[in-house]
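Asker: If you scroll down you'll find the structure; I have some questions about it.
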Amino acid sequence: MDARMLSFLVGLFSVFNTVQFFIFDLNQMTYIGYQDKYNIYKTTDSQLGSWVMRNRRVINTVLSLVTLGVSCFLLYCLHNNTYTGLPIYAVWIVAYECIHLSIALFIHRIIKKQFRELSHLYLIFQVSRMFLHFLGLPCLAKHGYSIYKDSSISSKLSHRRHSSVSTMDS
283 MDARMLSFLV GLFSVFNTVQ FFIFDLNQMT YIGYQDKYNI YKTTDSQLGS WVMRNRRVIN
343 TVLSLVTLGV SCFLLYCLHN NTYTGLPIYA VWIVAYECIH LSIALFIHRI IKKQFRELSH
403 LYLIFQVSRM FLHFLGLPCL AKHGYSIYKD SSISSKLSHR RHSSVSTMDS
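In this text, residue positions in the sequence shown follow my numbering: the first is 283, and each later residue adds one.
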């Protein structure tokens, strides 16, 4: 497999994995019980913590939709053999995973002891997803460099000036 095919697989993985974790995040339960609702999180005095917990679905939705857009843009740029989508994807995936890791660590800190295993599972999912996303970045960098190098060579060839002196064989 060449770098282009691996970059394409990175884009497909990103699309499918984002959809999968988006569904998991939207269906994550915060209350247990049918009649007696029991919250699995501790109450927090932090304004930032309560804001994150209140708006977690919105945060995940926005992050997932932007990631889907960036991943589709990566696939489009790979199809058209353009350079711009690869560094945009690389920067966004690093930011996306850092934001998700900070949310996962925050959730790990405020979950009640009875449900700590759920938090461990969530952290394992997060770290494995980060590992898989970051595993494809060197391949993207290699393919992006080859596209950039090819485009700079072709632009130098197209910008050569033609000689004004013409020679004729007699």
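Built from N, CA and C at the ideal position, the CB exists for glycine as well.
Would you kindly work out how many angstroms separate the C-alpha atoms of residue 422 and residue 305, rounded to a whole number?
Answerer: Taking the straight line joining both Cα atoms gives about 27 Å.
Asker: Alpha carbons only, please: which of 284, 287, 403 and 293 is nearest the one belonging to residue 416?
Answerer: It is 293 whose Cα lies nearest to the Cα of residue 416.
Asker: If you drop the 5 nearest sequence neighbours on each side, which residues of the same chain put their C-beta closer than 6 Å to that of residue 392?
Answerer: Cβ neighbours of residue 392 beyond the five flanking positions: 323, 324 and 326.
Asker: Starting from the C-beta of residue 487, find all residues in its chain whose C-beta is less than 6 Å away, skip the five residues before and the five after it, and write them out in chain order.
Answerer: The chain is shown from 283 up to 452; residue 487 falls before or after that span and cannot be answered.
Asker: Just how far apart, CA to CA, sit residue 428 and residue 363?
Answerer: Roughly 10 Å between the two C-alpha positions.
Asker: So what's residue 358 in DSSP terms, helix, strand or just coil?
Answerer: Correct three-state label for residue 358: helix.
Asker: Among the candidates 382, 432 and 383, whose CA atom is the shortest distance from the CA of residue 365?
Answerer: Ranking 382, 432 and 383 by Cα distance to residue 365 puts 432 first.
Asker: Are residue 360 and residue 368 close, meaning C-beta to C-beta below 9 Å?
Answerer: Yes, the Cβ-Cβ distance between residue 360 and residue 368 is below 9 Å.
Asker: Given a cut-off of 9 Å on the beta-carbon distance, is the pair residue 356 and residue 371 in contact?
Answerer: Yes; because the gap between Cβ atoms is below 9 Å, this pair is in contact.
Asker: Reducing DSSP to helix, strand and coil, say where residue 375 ends up.
Answerer: If DSSP states are grouped into helix, strand and coil, residue 375 belongs with the helices.
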